[in-house]
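Participant: Take a look at the following structure, please.
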Amino acid sequence: MLSNLAQYKDIALFLIKYGNSDIIKESGLATEFSIEEEKNATNDLDKEAFIKDFQKLGSTYVKLGQLLSTRPDLISEPYLSALRELQDNMEPFSYEEVEQLVQNELRVRISKAFNSFDQKPIGAASLGQVHLAELRNGTTVVVKIQRPGIRKKVIEELEAMESVSSFLENNTSLGKKYNLNQVFLQFKSTLLRELNYLKEAQNMDILHNNLKEFDRIVIPTSIPDYSTDKVLTMEFVKGQNISQINPLRKLDIDGEGLCEELFKAYLQQIVVDGFMHADPHPGNVHLTEDNRLALLDMGMVTYISEDLRKNYLKLILNISNNKVSEALNVLIEMSTASDEADEEQFKTSIAAIIQQTHEATVDQIDTGRMMFGLIQTAAECGYKLPLELSAVGKALMNIDLVAHTLAPDFEPNKSIQKNAMSLMNKIMIKELAPQNFFSTILESKELIEKMPQRLNTIMGNLANNELEIKLDAIDEKSLMKGFQKVANRITIGLIIAALLVASALMMKVETSFSLFGYPGIAMLSFILAITGGLSLVIGIFFKDEN
């Protein structure tokens, strides 16, 4: 705690300087560290000075700033837009340190592992830097090397942050309202994953596999034999940062088609795969020599739960079709309401945002900003949306920047409507995948195995007059009718389970007759079981009211 006092003071001074002194005063930090607020403080934010001061706090704080730029429910303007411009650029470390670290990690000197290795990095950030190299087999690669001592420094800075976030949550109403500990834990988890380059290699390979059907999207692959948790070697994709493309080059590319492909790829990541590259800012999107888009830097990814995937698809479809009430219902279902939640204000404000989206001109449509608007409005009205939605909003905001660069006339809403059916088909195919199918079969198998024993127990209790049913009044005819209905339901359930088991077993039998790429008889049995199951559910919900 005492070793971090200097950091605490730097944090408090920074917050006071940029207008958040209410937090400091309420928490008592100003008194504890004898901090006096600057008399000449102004409400006009100097973005350049703000970014510079943020970078002075340290590399961990730069990463925190990038996370906070995705949280409009926590940070207001003009700080939010300033944080979005926060770049993770640092001075490179020496080549001697590079040589030593690579040798320690790969257990071989650079001169033996590589034909060539550029001494000057092509990029340097807070956690590491990147060099161009050539393997012994002639393959050109990119080598990402972790900054020496950065792990220890990050852990120390995280300890200071954790103390501050805990203090604010325990001692301020603002900290309690926004659950600052949870925000910190999310950030800590993300940053520690970024420090493990083997995790980034895994992310890269997962995304490469998930997006292999997109011919115009390139994801580099990792080189496992040359990678450790501090050194990551990957395929080199020659290209140009899209923000640096000259106007003449833009005339030679199909910008509209590239944006359509990129947007569709992100929709798949969000609503089908549940695994998203979370940092597609223009610096991480390059145009290759053969006019494809390469996505780089897979250190930051977002996992999206199945429920959120389905709700997000429903939300964007309803918004793109201007179905305001349906979109509102989805948002309410996704959110957690506080005791002070104002539902009427929430509905009015959200409806206004959706309406503005449909009235906007093509160059004004911005899906990421719209998502941030929804999140911020929800927070103001006492509704808390899932944290993952903020990451989705930030990713979409970056996609919007890419789209404005490549094809200013690209319309996200039309793309959503165009790809909706394809996305829903992919979701259905994924849900019917063998691994999911056999999971259902195992559950059905367990039900079938235990059902006879349970039925015997029930029937034995009936025969011995030991079955007790507590009723306020007994109607013999109604009781017998109810038992008959239960028996019928059990019988139908057993038949459905048997059909599911049979169809699973027949999946392994090769036949010339097929449906949806699976053996035909097996699929017919499955469809019959599903139909019977739906009929049973409908009967339970709609015919048993009395």
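Residue numbering for the sequence shown follows the UniProt record's numbering, beginning at 1 and increasing consecutively.
Built from N, CA and C at the ideal position, the CB exists for glycine as well.
This one's a predicted model, so the numbers in the text were calculated from it and none came from an experiment.
1. Beta-carbon within less than 8 Å of residue 62's beta-carbon, same chain only, minus the 5 sequence neighbours each way: which residues are those?
2. Which residues does DSSP pair with residue 116 in a beta bridge?
3. Report buried or exposed for residue 120, applying the criterion of at least 16 other Cβ atoms within 10 angstroms of its Cβ.
4. So if DSSP puts residue 143 in a beta bridge, which residue, or which two residues, is it bridged to?
5. Mind checking who residue 275 pairs with in its DSSP beta bridge?
6. Using the beta-carbon count (16 or more within 10 Å), is residue 348 buried or exposed?
7. Ignore the nearest five residues each way along the sequence and tell me which others in residue 82's own chain have a CB closer than 8 Å to its CB.
8. What is the DSSP secondary structure of residue 208, reduced to helix, strand or coil?
9. Is there contact here, the region 329-343 with the region 365-383, by at least three beta-carbon pairs under 8 Å?
10. Are the beta-carbon atoms of residue 224 and residue 235 separated by less than 8 Å?
11. Compare the C-alpha of residue 238 against each of 266, 197, 140 and name the closest.
12. So what does DSSP say about residue 413, is it helix, strand or coil?
13. Among 152, 106, 160, 97, which one has its Cα closest to the Cα of residue 129?
14. In this structure, how does DSSP classify residue 150 when only helix, strand and coil are distinguished?
15. On the DSSP letters alone, give me the boundaries of the beta strand (DSSP E) that residue 393 sits inside.
16. Are the CB atoms of residue 197 and residue 106 within a distance shorter than 8 Å?
17. Taking the alpha-carbon positions, what's the residue 272 to residue 426 distance?
18. Check the DSSP bridge columns for residue 337 and list the partner residues they point to.
19. Out of 68, 289, 222, 352, state which residue places its alpha-carbon closest to the alpha-carbon of residue 207.
20. Alpha carbon to alpha carbon, what distance is there between residue 317 and residue 358?
21. Is residue 135 closer than 8 Å to residue 115 when the C-beta atoms are compared?
22. Going by beta carbon distance, what residues of the same chain come within less than 6 Å of residue 99, once the five residues before and after it are set aside?
23. Which first and last residues belong to the alpha helix (DSSP H) in which residue 106 is found?
24. Excluding five sequence neighbours on each side, which residues of the same chain lie with their C-beta closer than 7 Å to the C-beta of residue 306?
25. With H, G and I counted as helix, E and B as strand and the rest as coil, what does DSSP make of residue 247?
26. Can you check DSSP and say which residues form a bridge with residue 241?
27. Rounded to whole angstroms, what is the Cα-Cα separation between residue 243 and residue 404?
28. How is residue 58 classed by DSSP in three states: helix, strand or coil?
29. Do residue 294 and residue 402 count as a contact pair if the criterion is CB distance below 8 Å?
30. I think residue 320 touches residue 458, with their Cβ atoms under 8 Å apart; what is that distance to the nearest whole Å?
31. What are the residues that DSSP puts in a beta bridge with residue 183?
32. Quick check on residue 527: does DSSP put it in helix, strand or coil?
33. Who are the near neighbours of residue 95 in its chain, counting only those whose CB is closer than 6 Å to its CB and skipping five residues on each side?
34. Span of the beta strand (DSSP E) holding residue 295?
35. How far does the alpha helix (DSSP H) with residue 347 in it reach, from first residue to last?
36. Count the other C-beta atoms from every protein chain shown that fall within 10 angstroms of the C-beta of residue 27, then say buried if there are 16 or more, exposed otherwise.
Facilitator: Reading off the structure:
1. On the sequence shown, residue 62 is found 62 positions in, with the first residue counted as 1. The answer, listed in chain order, is 54, 55, 86, 88, 126.
2. As a working note, residue 116 is residue 116 in the sequence shown. DSSP links residue 116 through a beta bridge to 134.
3. Taking the sequence shown and counting its residues from 1, the one referred to as residue 120 is at position 120. Flag for residue 120 reads exposed.
4. Your numbering for residue 143 matches position 143 in the sequence shown. Answer by DSSP bridge pairing, in chain order: 131, 233.
5. Locating residue 275 in the sequence shown gives position 275, counting from the first residue. Under the DSSP definition of a beta bridge, residue 275 partners with 303.
6. For the purposes of this step, residue 348 is taken as residue 348 along the sequence shown, with counting starting at 1. It counts as exposed.
7. By one-based count along the sequence shown, residue 82 stands at place 82. So the list reads 45, 47, 50, 51, once near-sequence residues are dropped.
8. The residue given as residue 208 occupies position 208 in the sequence shown. Three-state DSSP puts residue 208 in a helix.
9. With contact defined as three or more Cβ pairs closer than 8 Å, the region 329-343 and the region 365-383 are in contact.
10. In the sequence shown, the residue the question calls residue 224 occupies position 224. In the sequence shown, the residue the question calls residue 235 occupies position 235. With contacts defined by Cβ atoms closer than 8 Å, residue 224 and residue 235 do not form a contacting pair.
11. On the sequence shown, position 238 is the one that residue 238 refers to. Of 266, 197, 140, the smallest CA-CA separation from residue 238 is found for 140.
12. Position 413 of the sequence shown holds residue 413. The three-state secondary structure of residue 413, taken from DSSP, is helix.
13. Taking the first residue of the sequence shown as 1, we reach residue 129 at position 129. Per the Cα distances, 97.
14. For the purposes of this step, residue 150 is taken as the residue at position 150 of the sequence shown. The answer is helix: DSSP assigns residue 150 an H, G or I state.
15. As a first step, residue 393 must be located in the sequence shown, where it is residue number 393. Run containing residue 393: none in the beta strand (DSSP E); it sits in the alpha helix (DSSP H), 387-406.
16. Counted from its first residue, the sequence shown places residue 106 at position 106. Counted from its first residue, the sequence shown places residue 197 at position 197. No, they are not a contact pair.
17. On the sequence shown, residue 272 is found 272 positions in, with the first residue counted as 1. On the sequence shown, residue 426 is found 426 positions in, with the first residue counted as 1. Distance between residue 272 and residue 426, taken at the CA atoms: about 7 Å.
18. For this step, residue 337 is matched to residue 337 along the sequence shown. In the DSSP secondary-structure assignment, residue 337 is bridged to 383.
19. By 1-based counting over the sequence shown, the position of residue 207 is 207. Cα-wise, what sits closest to residue 207 is 222.
20. Taking the sequence shown and counting its residues from 1, the one referred to as residue 358 is at position 358. Taking the sequence shown and counting its residues from 1, the one referred to as residue 317 is at position 317. Computed Cα separation, rounded: 13 Å.
21. As a first step, residue 115 is located in the sequence shown; it is residue number 115 there, counting from the start. As a first step, residue 135 is located in the sequence shown; it is residue number 135 there, counting from the start. A contact, by the Cβ cut-off of 8 Å.
22. Walking along the sequence shown from the start, residue 99 turns up at place 99. These residues qualify, in order along the chain: 110.
23. As a position in the sequence shown, residue 106 is number 106, starting the count at 1. Start and end: 95-106.
24. Here residue 306 is taken as the residue at index 306 of the sequence shown, counted from 1. Same-chain partners within the cutoff: 274.
25. Taking the sequence shown and counting its residues from 1, one reaches residue 247 at position 247. In the structure shown, the three-state DSSP call for residue 247 is helix.
26. Translated into positions along the sequence shown, residue 241 becomes position 241. 286, per the DSSP bridge assignment.
27. The residue you call residue 243 lines up with position 243 of the sequence shown. The residue you call residue 404 lines up with position 404 of the sequence shown. If you take the alpha carbons of residue 243 and residue 404, they lie about 10 Å apart.
28. The sequence position of residue 58 within the sequence shown is 58, counting from 1. Residue state, collapsed to three classes: coil.
29. Locating residue 402 in the sequence shown gives position 402, counting from the first residue. Locating residue 294 in the sequence shown gives position 294, counting from the first residue. Not in contact: residue 402 and residue 294 (Cβ atoms no closer than 8 Å).
30. What you label residue 320 is simply residue 320 of the sequence shown in a count that begins at 1. What you label residue 458 is simply residue 458 of the sequence shown in a count that begins at 1. Taking 8 Å as the upper bound for CB-CB distance, residue 320 and residue 458 are not in contact here, some 52 Å apart.
31. On the sequence shown, residue 183 is found 183 positions in, with the first residue counted as 1. Answer is none; residue 183 lacks a bridge partner.
32. Looking up residue 527 in the sequence shown gives position 527. Residue state, collapsed to three classes: helix.
33. For the purposes of this step, residue 95 is identified with residue 95 of the sequence shown, where counting begins at 1. Taken in chain order, the residues that qualify are 119.
34. Here residue 295 corresponds to residue number 295 of the sequence shown, with the count starting at 1. Residues 293-295.
35. Residue mapping note: residue 347 aligns to position 347 of the sequence shown, counting from 1. Where residue 347 is concerned, the enclosing alpha helix (DSSP H) stretches over 343-359.
36. The sequence position of residue 27 within the sequence shown is 27, counting from 1. At residue 27 the pLDDT is 44, less than 50, meaning the model places this residue with poor confidence; the figure from the coordinates comes in the next sentence. Taking all protein chains in view, the Cβ of residue 27 is crowded by 16 or more other Cβ atoms within 10 Å, so the residue is classified as buried.
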